[in-house]
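Respectively, the protein sequence lines represent chains H and S. Quick note: the first sequence uses the working numbering, first residue 58, plus one each step. Quick note: the second sequence uses the working numbering, first residue 58, plus one each step. Even for Gly, the Cβ is constructed at its ideal location relative to N, Cα and C. Written below as structure tokens is the structure these notes are about.
There are 2 protein chains.
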Amino acid sequence: MAPDAGNAAGTVAEGSAALGPWIDGCLARFERAARQALPPVTREPSRLHDAMRYAVLDGGKRVRPLLVYAAGEVGSVSAAALDAMALAVEYVHAYSLVHDDMPCMDDDVLRRGKPTVHVAYDEATAMLAGDALQAEAFRVLAAAPLPAPACVALIHELAVAISTSGMCGGQAIDLAAVGHKLDLAQLERMHRMTTGALLRASIRMPAIAAGFAGAAGGMASALDGYADAIGLAFQVVDDILDVEATSDELGKTAGKDARQNKPTYVSAIGLEAARSWAEDLRRQAHASLDGIAGVAGIAGAATARLHQLADMIVLRRS
Amino acid sequence: MAPDAGNAAGTVAEGSAALGPWIDGCLARFERAARQALPPVTREPSRLHDAMRYAVLDGGKRVRPLLVYAAGEVGSVSAAALDAMALAVEYVHAYSLVHDDMPCMDDDVLRRGKPTVHVAYDEATAMLAGDALQAEAFRVLAAAPLPAPACVALIHELAVAISTSGMCGGQAIDLAAVGHKLDLAQLERMHRMTTGALLRASIRMPAIAAGFAGAAGGMASALDGYADAIGLAFQVVDDILDVEATSDELGKTAGKDARQNKPTYVSAIGLEAARSWAEDLRRQAHASLDGIAGVAGIAGAATARLHQLADMIVLRRS
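So, in structure tokens, the structure goes:
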């Protein structure tokens, strides 16, 4: 079932359909759901709604929604419930970018190839748009078509992932780390919080919903292993691309980490070692998924998209 | 049952114990619950946790928690569940103040008699502390000891109250209104969103929980009427105090509305008319509660604290 993890040129799971069309379908589906769910600009306060839509729509790799949809294939969760989870994790991601780009944080002007929200609108609107997107993430989960115990578990999962033991906590450590040298363990801990926690939640949430909906729960530890590996891999590759890629390719300012004197995997262990570590993590991700083959009632094919996404995350060029 | 609403000197509901000791008990209970629930400074990131505790602890009138505890008396909801709701609404209130005080919004340096969070810490920490407090509000509700359907309903209630049709939306309208003249209807709409929506949620949440826990649900419209009246009254009195009180009395910068050219009830209808309107709203709040006397199984005494809080909100001096 697992692709040849040793093939650094990238592979797709045997027997599964090509990733490209599946991703295109997911992106279209997400965009449609988001356009419908986000408050319309025809309603007041229209400028705030416009800023929220600007922050979420038409851009981004949608890694978190893709992980939701891919993990959703391991269990029986309705399409509408998966859409709700995809919206929630992407709203949170978008809000964190909007706040992170503001002058008092990273002070950045370019994101997803467009001016950042505080540049396109103003700082106060950017702050409120971020605040409201967080509230919308929880609203959409509370309205998800799932049994109430599953809704509560998803909301708890997301809240913990983005509070101080997760995303916000990681950002605070990130801020404090500017200009300091972090060792690999400290760097790993920071990134497990800053980006890893939300990526992990994106994979765990469909599994939680499936567990409540009657699917096998034994896959949790396999998915956690996968989530941990791709969460770290994502950040290692981000650090590599910040050095290797151009702003045009990234759609955001390249070379920023070094200029801001931020500790990265590249500065900690060097470019070659970082590349090799990303490849190790990709291998770990694939190996973790093999554990799911042992879970009763789960077809191996159900993890095909997750295998493919692990490859995509490590082998991406932007 | 209702106090003499026409007595502008303030009254307490006949037969109910004095308000002061009850409030003191609630404040001590809330403070204890918050100290325990907020992430400790002994855990990393300690500066962020310190800022969150600074924003929430040791200050504020705790109007929203008091409304939760008072409304909790109309039904059978456990003390621990009421604490969770009180924490959630106060976390949200605190986060909104932290963000609102930042330079890109109201740019204020004094709050609850102390330097604002971005002054005591820094802007980035203030932003993250606000963001994390919002996440904690939903986390604490998702962990509340209540049946799952009640948890989901509370989370949905709070999310809607603080998103763009509520608090965040009202703040956006407030920002856009600076320097403009709003008529009374526009002003009322803005305040129903900015402050009214969260005050209303503070009262509705215990009723929602009680409904799920088996108490009568027919009181909802009476409580809504009460919530609407005291929500507006709260803001009218805020506007009056901004003119009449000193910064020392308020614990925040006085006279700010006029200096910032913000539309207020005082600027819209004059001080005397504003005073008289606050008194009308107090009367409406009391009258709404009388509707609960007709609900089966609800003792009139259960609304005594709500009657008293309506008086306190209108007759307060800070």
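By the Cβ neighbour-count rule, A137 (chain S) is exposed, with fewer than 16 other Cβ atoms within 10 Å of its own. For V98 (chain H), no Cβ of chain S is located within less than 8 angstroms of the residue's own Cβ. The Cβ atoms of A218 (chain S) and L255 (chain S) lie closer than 8 angstroms to each other. In terms of beta-carbon proximity, F87 (chain S) stays away from the interface with chain H, with every pair separated by 8 angstroms or more. If you check the CB distance, A234 (chain H) and P102 (chain S) do not come in under 8 angstroms. L167 (chain S) carries a strand assignment under DSSP once its states are collapsed to helix, strand and coil. Within the segment 222-234 of chain H, the residues whose Cβ lies closer than 9 angstroms to some Cβ of chain S are S222, G223, M224, C225, G226, G227, Q228, A229, I230, L232 and A233, listed in chain order.
Under a 10 Å Cβ-count criterion, D299 (chain H) is classified as buried, with 16 or more other Cβ atoms of the shown protein chains found around its own Cβ. Three or more Cβ pairs closer than 8 angstroms define a contact, and the segment 164-173 of chain S meets that threshold against the segment 308-319 of chain S.
By the C-beta criterion, the segment 365-373 of chain H is judged not to be in contact with the segment 81-93 of chain S, since fewer than 3 inter-stretch pairs fall below 8 angstroms. Taking E130 (chain S) as reference, the option from S:A361, S:L215 and S:V174 with the minimal CA-CA separation is S:A361.
Nearest in C-alpha terms to L203 (chain S), of all of S:M142, S:P320 and S:I287, is S:M142. Short of 8 angstroms from the beta carbon of W334 (chain S), and not among the five residues preceding or following it, lie these beta carbons of its own chain, in chain order: V293, Y322 and I326. Proximity to A145 (chain S) across S:I297, S:M262, S:H248 and S:A315 peaks at S:M262, based on C-alpha coordinates. At least one beta carbon of chain S lies nearer than 8 angstroms to the beta carbon of R196 (chain H). Taking V149 (chain S) as reference, the option from S:T182, S:I212 and S:R340 with the minimal CA-CA separation is S:I212. Using a Cβ-Cβ cut-off of 8 angstroms, D188 (chain H) counts as an interface residue toward chain S, since at least one Cβ of chain S sits closer than that to its own.
Each of H:E329, H:S375 and H:D285 was checked against the Cα of A342 (chain H), and the nearest Cα belongs to H:D285. Buried is the label assigned to G226 (chain S), since at least 16 other Cβ atoms lie within 10 Å of its Cβ. Residues of the segment 120-136 of chain S whose Cβ lies closer than 9 angstroms to any Cβ of chain H: none.
In this structure I265 (chain S) is in contact with E214 (chain S), their Cβ atoms being roughly 6 angstroms apart against a cut-off of 8 angstroms.
If you compare the alpha carbons of H:D305, H:V113, H:L338 and H:V134 with that of A201 (chain H), the shortest gap goes to H:V134. One alpha carbon belongs to M109 (chain S), the other to G187 (chain S), and they sit about 7 angstroms apart. Cα atoms of Y111 (chain H) and D231 (chain S): separation of roughly 21 angstroms, rounded to the nearest angstrom.
Inclusion of L105 (chain S) and T221 (chain H) in the CB contact set at 8 angstroms is warranted, their separation being smaller than that value.
The three-state secondary structure of P172 (chain S), taken from DSSP, is strand. By the CB criterion at 8 angstroms, L366 (chain H) and L123 (chain H) fall inside the cutoff. Each residue's CA atom was taken as its position, placing A216 (chain H) and A330 (chain S) some 45 angstroms apart.
DSSP places K309 (chain H) in the coil class of the three-state scheme, outside both helix and strand. Here DSSP, grouped into helix, strand and coil, assigns L203 (chain H) to coil. The DSSP-derived three-state label of L95 (chain H) is coil. Contact check for L239 (chain H) and M247 (chain H): beta-carbon distance about 7 angstroms, within the 8 angstroms limit, so the pair qualifies. Taking a Cβ-Cβ threshold of 7 angstroms, the residues of chain H close to A216 (chain S) are A192, F195, R196 and A199, in chain order. Neighbours of A181 (chain S) in chain H, taken as residues at a C-beta separation under 7 angstroms, are given in chain order as C161, M162 and L232. Contact annotation: in the segment 237-257 of chain H, no residue has its CB less than 8 angstroms from a CB in chain S.
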